[in-house]
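S.K.:
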Amino acid sequence: MALSFHGTRRHIAACVLTATVGATIWALADARAENPEPRPHRPLSPAALAEQGLRPPIYTQLYAWTQSGEQIATAQQQVLVACMAERGFTLKPAPVAKAGDAAVSRPTPFGLETLEEIGADSQTQAPPEQPQGEAFNRALYGKPGNEISVKGNLLKVTMPARGCQADAEKHMLGDGRVRWTELRMQLNEGEQTAYKWLKHDSLFRKANEGWRQCMLTNRVQAKDPLDLIRALPPDADIRTHPATKADVHCKQDTGYLRTAYARLAVMQQRWLDDHPDVLKDRTALRDSQLRIARQVLQGQIG
1 MALSFHGTRR HIAACVLTAT VGATIWALAD ARAENPEPRP HRPLSPAALA
51 EQGLRPPIYT QLYAWTQSGE QIATAQQQVL VACMAERGFT LKPAPVAKAG
101 DAAVSRPTPF GLETLEEIGA DSQTQAPPEQ PQGEAFNRAL YGKPGNEISV
151 KGNLLKVTMP ARGCQADAEK HMLGDGRVRW TELRMQLNEG EQTAYKWLKH
201 DSLFRKANEG WRQCMLTNRV QAKDPLDLIR ALPPDADIRT HPATKADVHC
251 KQDTGYLRTA YARLAVMQQR WLDDHPDVLK DRTALRDSQL RIARQVLQGQ
301 IG
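Residue numbers are given in the working numbering: position 18 of the sequence shown equals residue 18, and the series is strictly consecutive.
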């Protein structure tokens, strides 16, 4: 696809944007998707964008950071640190993010949503792990080659069978460790399937056409938002490039993201309805983890 500008081209600073596809929340179609709000739309705050982006139900399951998730992660970390200490090693993991403070890490399957604070995540990344030696790694991950493989329709995941990492996961999940991984993989597959369905949805296609026409009025030609991102020159600064500024403006002006996420939620819910055991089993395992986490946090590591 050729990104066409009917005017002056400008070179600007470098930035790489990766658009990810994936998708979960409880919601059926927002009836307003068929009757968009009056234009122009006000820009959403980062919190509102995050809330909107987590409405699709598979995204909720996989990417929403909740208080219960924080408790489970904190408890598992405590078990892991205690296990390593018993083997004579000091493990100093990064603190678990607080549910209310954590920056939402989620897919953005429709490209840019804002031009604000782009690149901010890179300033808060944890420093790379320092090499600890073979004995440390064996204590943490077990003997190399002693692994469990979990295979899905599209993916294959391997995880340690022994070591403190495996022991901590077993403490929290018991015999459900493999099943938990299988459910994660199935939800990832559901993300991809729902996104494929979305491309054929009439309301989504209508929203995409509205965005495309708006872009043409801004003298930018692109098939869809991801097509636009892929066509940017490698030295483009997405915060200031005329095409990305037009992209975000047109999404706001046409209500594109609201419609896109509402329709994606419908597609994801359709997939979940077709696979009822996925949420049933995942909820049971999550509830079990939460009970154990509360015991651990109360000092009953056992």
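Glycine residues also receive a C-beta, built at the ideal position from the N, C-alpha and C atoms.
Note that the structure is predicted; figures quoted are calculated from it, not measured.
Alpha helix (DSSP H) containing I238: first to last residue?
M.R.: Counting along the chain, I238 falls outside any alpha helix (DSSP H), and DSSP gives it neither H nor E.
S.K.: Closer than 7 Å to a non-hydrogen atom of the ligand SAM - does that hold for the CB of P56?
M.R.: Questions concerning the ligand SAM fall outside what the structure shown contains, since it holds no ligand whatsoever.
S.K.: On the criterion of 16 or more Cβ atoms from any shown chain inside 10 Å, does T193 qualify as buried, or is it exposed?
M.R.: Burial call: buried.
S.K.: The alpha helix (DSSP H) spanning T217 covers which residue range?
M.R.: Element bounds for T217: 202 to 217.
S.K.: Let me know if E209 comes out buried or exposed under the rule of 16 or more other beta-carbons within 10 Å of its beta-carbon.
M.R.: That one is exposed.
S.K.: Between the Cα of M159 and those of L232, S149, N153, D167, spot the shortest distance and give me the residue it belongs to.
M.R.: Per the Cα distances, S149.
S.K.: Determine the extent of the alpha helix (DSSP H) in which E113 is found, giving its start and end residues.
M.R.: Looking at the DSSP string, E113 is not in any alpha helix (DSSP H), and its letter there is neither H nor E.
S.K.: So who's on the other strand from S105, going by DSSP bridges?
M.R.: Answer is none; S105 lacks a bridge partner.
S.K.: Give the secondary structure of Q77 by DSSP, where H, G and I count as helix, E and B as strand, and everything else as coil.
M.R.: Helix.
S.K.: Are Q67 and V296 closer than 8 Å when you measure CB to CB?
M.R.: Going by C-beta atoms, Q67 is not nearer than 8 Å to V296.
S.K.: Secondary structure at V278, three-state DSSP: helix, strand or coil?
M.R.: Correct three-state label for V278: helix.
S.K.: With 16 other CB atoms within 10 Å as the buried threshold, where does Q213 fall?
M.R.: The residue is exposed, with fewer than 16 neighbouring Cβ atoms inside 10 Å.
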